[in-house]
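Have a look at the structure below before the remarks.
Numbering (this note's numbering), first residue to last: 873 to 1279.
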C-alpha cells in the first residue's frame, strides 16, 4: 500500500540531519575566537575565519533546506529582529568603527538562519540532543587539551582554572557549556528520554569539568535552572519530586559537611574585597554608568562593540545592551525574555517544557555577570532552543512527504 501524501505533524517528529548540522555550525560560530593559549598556535584570523565560515555554511544549509522560505511565527525571533534593526541604526554613526557594521552583519546572518530553521521547530527534543552532543564534543576537546598539556590547560593567568587549549576557550565558556550539558541531560533522564547509565556517562565528567573551571556563574545557573525545572514538574512527575528532594538533602549535606571546601571553591583564592566587587566587574560597571552620554546614546546606544568598555570586559548582559543598544535595547531584551517565561508557564508539563524552563532560567541568572543577550552568542542560541521547545504544533497541521522524506 502506498504511503499517504499527507500526515499529521505529530506523526513525523524526526528532524533532518542537515538541520542538526546547521545547528551545530551555529554553535561553532558562537564559540568565539579568543581565550587561552592553544597547544597548537592558532592565529586569531584563522579562528575567526572558521567561526564565520561556520555561520555562512549554516545559513546556506538552512536556505537549501527551506528554499520556499516557510517559517513559523516566533515572537522571540521577531523581537530579536527588532533588536538587530536597532543595532544597525545605532552602529551607523561608526563610533565603534566598521567592526560594528560587521557585527551587525553577523547578527543578521545568525537571526536569518534561525528564522529558516523555524520550519522544524515542533516542540520535539531532537535539537536538545544535538545541543548536548555538540557541546559535549567541545568539552571532550577541553579534556584532551588537559591531558596533552595540563600547564596550558590550567594557566596561571586564569588562576589555575580549566581552559580550552585545542580551541581557545575561557573558563567561563567551558563552565557554561558543561552546565548546559549537565542540566539538559538530567532533564532528559528525568523525562524518561535517556537511560540512567548513558546520562551518568555524560553528567559525571561534565561536572568534573565544571568544578575545574571554578565558574561561579555556571554553577549557580545550573543549580537555579535545575531547581526551577524540577519544580515545574512537581505535580506531574513523582521522579521529579524524588530528585528535587534528593538535591535538597545533598545541598544541605554539602553546606554542613563541606562548607569550608565550598567557600574555598567559590572564593578561588580571592580577597573578600575582590569577591564583593565581582572580580573587578563592579568597577567597570560604575565607570560605564558614570560616563557622559548623549540623549540618543541613552536611548539607542553606541552600536555593537566587542562587549568591552575602556579596554575592559563589561561582563553583564544588561549593561552591555545599555552600552550598545541603549534603554530601548534593554526594553526589547526584557520583552523577549518575558515572552519566553510567560509561554513556558502556560505550556502543560512535559520534558520539552522542563528543558526550556532550565535554559531560560540559566540565561536569566547568568545575564547579571555574563554578556551575550544583545548579539549573536551561545545565550541567544540557548534561548532559541527554548523557543523551539515551546512551539505548539496543531495536530491537524500537515507535513508533506515525498519519496519517504519531508518536503
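A virtual CB, placed ideally from N, CA and C, is assigned to each residue, including glycine.
Source: prediction; values computed, not measured.
Checklist entry - Nearest CA to the CA of residue 1188: which residue from 1204, 1162, 1070, 1154? => result Sequence index remark: in the chain shown, residue 1188 carries index 316 (1-based). Residue 1154 is the option with its Cα nearest to residue 1188.
Checklist entry - Where does the unbroken alpha helix (DSSP H) through residue 899 begin, and where does it stop? => result Sequence index remark: in the chain shown, residue 899 carries index 27 (1-based). Counting along the chain, the alpha helix (DSSP H) containing residue 899 begins and ends at 889 to 901.
Item to check | Member of 1246, 1239, 1223, 891 whose CA lies at the smallest distance from the CA of residue 1258 | outcome: By one-based count along the chain shown, residue 1258 stands at place 386. Looking at the Cα atoms, 1223 is the closest of the given residues.
Checklist entry - Taking DSSP as the reference, what is the three-state secondary structure of residue 1234? => result Start at 1 with the first residue of the chain shown, and residue 1234 comes out as number 362. Residue state, collapsed to three classes: helix.
Next on the checklist: Buried or exposed for residue 1159, going by 16 or more other Cβ atoms inside 10 Å?
Outcome noted: Position 287 of the chain shown, counting from 1, holds the residue named residue 1159. With fewer than 16 Cβ atoms within 10 Å of its Cβ, residue 1159 is classed as exposed.
Next on the checklist: Please give me, in chain order, every unbroken run of the alpha helix (DSSP H) with length at least 4 that falls completely inside the stretch 908 to 975.
Outcome noted: Positions of the alpha helix (DSSP H) runs, each at least 4 residues long and wholly inside the stretch 908 to 975, are given as 916 to 937, 947 to 963 in order along the chain.
Item to check | Any chain B beta carbon closer than 8 Å to residue 1117 | outcome: Note that chain B does not occur in the displayed structure, where there is just one protein chain.
Item to check | Three-way DSSP call (helix, strand, coil) for residue 1034 in this model | outcome: In the chain shown, counting from the first residue as 1, residue 1034 sits at position 162. DSSP, reduced to helix, strand and coil, places residue 1034 outside both helices and strands of the structure shown, so it counts as coil.
Checklist entry - Got a sec, what are the start and stop residues for the alpha helix (DSSP H) residue 1104 sits in? => result One-based indexing of the chain shown puts residue 1104 at position 232. In this chain, the alpha helix (DSSP H) harbouring residue 1104 covers 1088 to 1104.
Next on the checklist: Excluding the 5 residues flanking residue 953 on each side, which residues of the same chain have their C-beta closer than 7 Å to its C-beta?
Outcome noted: Numbered from 1 along the chain shown, position 81 holds the residue referred to as residue 953. Result list for residue 953: 983, in chain order.
Checklist entry - Assuming residue 1097 contacts residue 1234 under a Cβ cut-off of 8 Å, what Cβ separation, rounded to an integer in Å, is found between them? => result Along the chain shown, one-based indexing puts residue 1097 at 225. Along the chain shown, one-based indexing puts residue 1234 at 362. At roughly 4 Å, the Cβ-Cβ gap stays under 8 Å, so residue 1097 and residue 1234 are in contact.
Item to check | Cross-strand partners of residue 1180 (DSSP beta bridge) | outcome: As a position in the chain shown, residue 1180 is number 308, starting the count at 1. Paired residue(s): 1185.
Checklist entry - Given that a residue counts as buried once 16 or more other Cβ atoms are within 10 Å of its Cβ, and exposed if not, what is residue 992? => result In the chain shown, the residue the question calls residue 992 occupies position 120. For residue 992, the number of other beta carbons within 10 angstroms of its own is at least 16, and it is reported as buried.
Checklist entry - From the DSSP output, which residues share a beta bridge with residue 1336? => result The question about residue 1336 has no answer, for the chain in this structure spans 873 to 1279.
Next on the checklist: Could you check whether residue 1051 and residue 1082 sit closer than 8 Å to each other, using their CB atoms as the reference points?
Outcome noted: Mapped onto the chain shown, residue 1082 falls at position 210. Mapped onto the chain shown, residue 1051 falls at position 179. Cβ atoms of residue 1082 and residue 1051: closer than 8 Å.
Item to check | Unbroken stretches of the alpha helix (DSSP H), 4 residues or longer, contained in the stretch 1006 to 1064 | outcome: Contiguous alpha helix (DSSP H) elements confined to the stretch 1006 to 1064 occur at 1022 to 1025, 1043 to 1062, taking only those with 4 or more residues.
Next on the checklist: Would residue 1201 and residue 1183 qualify as a contact pair, given that the criterion is a beta-carbon distance under 8 Å?
Outcome noted: As a first step, residue 1201 is located in the chain shown; it is residue number 329 there, counting from the start. As a first step, residue 1183 is located in the chain shown; it is residue number 311 there, counting from the start. Cβ distance not < 8 Å, so residue 1201 and residue 1183 don't count as in contact.
Next on the checklist: Restricting to Cα atoms, I'd like to know which of 931, 1120, 888 is closest to residue 1103.
Outcome noted: Stepping through the chain shown from its first residue, residue 1103 is reached at position 231. When only C-alpha atoms are compared, the closest one is 1120.
Item to check | Proximity winner among 910, 921, 971, 995, relative to residue 946 (alpha-carbon distances) | outcome: Taking the chain shown and counting its residues from 1, one reaches residue 946 at position 74. Taking only the C-alpha atoms, the option nearest residue 946 is 995.
Checklist entry - By how many angstroms is the C-alpha of residue 1019 removed from the C-alpha of residue 1211? => result The count along the chain shown starts at 1 and reaches residue 1211 at position 339. The count along the chain shown starts at 1 and reaches residue 1019 at position 147. Within the model, the alpha-carbon separation for residue 1211 versus residue 1019 is close to 43 Å.
Checklist entry - Which stretch, first to last residue, makes up the alpha helix (DSSP H) that contains residue 1162? => result The count along the chain shown starts at 1 and reaches residue 1162 at position 290. From DSSP, the alpha helix (DSSP H) with residue 1162 extends over 1153 to 1162.
Checklist entry - What separation, rounded to the nearest whole angstrom, lies between the Cα atoms of residue 1260 and residue 1246? => result Here residue 1260 refers to the residue found at position 388 of the chain shown. Here residue 1246 refers to the residue found at position 374 of the chain shown. Each residue's alpha carbon lies about 19 Å from the other.
Checklist entry - Quick one: what's got a C-beta closer than 6 Å to residue 1273's C-beta in the same chain, skipping five residues either side? => result Start at 1 with the first residue of the chain shown, and residue 1273 comes out as number 401. Residue placement at residue 1273 is poorly supported in this model, since its pLDDT is 37, which falls under 50; the coordinates still yield a value, given next. Residues of the same chain with their beta carbon placed closer than 6 Å to that of residue 1273 are lacking, with the five preceding and five following residues left out of the count.
Checklist entry - Is it buried or exposed for residue 1127, if we count other Cβ within 10 angstroms and need 16 for buried? => result One-based indexing of the chain shown puts residue 1127 at position 255. So residue 1127 counts as exposed.
Checklist entry - Counting along the chain, where does the alpha helix (DSSP H) carrying residue 1168 start and finish? => result For the purposes of this step, residue 1168 is taken as the residue at position 296 of the chain shown. Run containing residue 1168: 1167 to 1172, per the alpha helix (DSSP H) assignment.
Next on the checklist: Taking the straight line between their C-alpha atoms, what separation do you get for residue 895 and residue 1072?
Outcome noted: Along the chain shown, read from residue 1 onward, the residue named residue 895 stands at position 23. Along the chain shown, read from residue 1 onward, the residue named residue 1072 stands at position 200. When rounded, the distance between both Cα atoms is 25 Å.
Item to check | Spatial distance of residue 918 from residue 932 (CA atoms) | outcome: Counting from one through the chain shown, the residue named residue 918 turns up at place 46. Counting from one through the chain shown, the residue named residue 932 turns up at place 60. Using only the alpha carbons, I get a separation of about 21 Å.
Checklist entry - Between the Cα of residue 944 and the Cα atoms of 1135, 1024, 986, which residue gives the shortest distance? => result In the chain shown, counting from the first residue as 1, residue 944 sits at position 72. 986 is the residue among 1135, 1024, 986 whose C-alpha sits nearest the C-alpha of residue 944.
Checklist entry - Over what stretch of residues does the alpha helix (DSSP H) that includes residue 1118 continue unbroken? => result Counted from its first residue, the chain shown places residue 1118 at position 246. That run of the alpha helix (DSSP H) goes 1110 to 1129.
Checklist entry - Nearest-angstrom Cα distance between residue 1032 and residue 1237? => result Stepping through the chain shown from its first residue, residue 1032 is reached at position 160. Stepping through the chain shown from its first residue, residue 1237 is reached at position 365. Straight through space, the alpha carbons of residue 1237 and residue 1032 are spaced by roughly 25 Å.
Checklist entry - Helix or strand or just coil, what does DSSP make of residue 1068? => result Along the chain shown, one-based indexing puts residue 1068 at 196. DSSP, read as helix, strand or coil, puts residue 1068 in helix.
Item to check | At least 3 beta-carbon pairs within less than 8 Å: the stretch 1248 to 1256 vs the stretch 898 to 918 | outcome: By the Cβ rule, the stretch 1248 to 1256 counts as touching the stretch 898 to 918, because three or more pairs are nearer than 8 Å.
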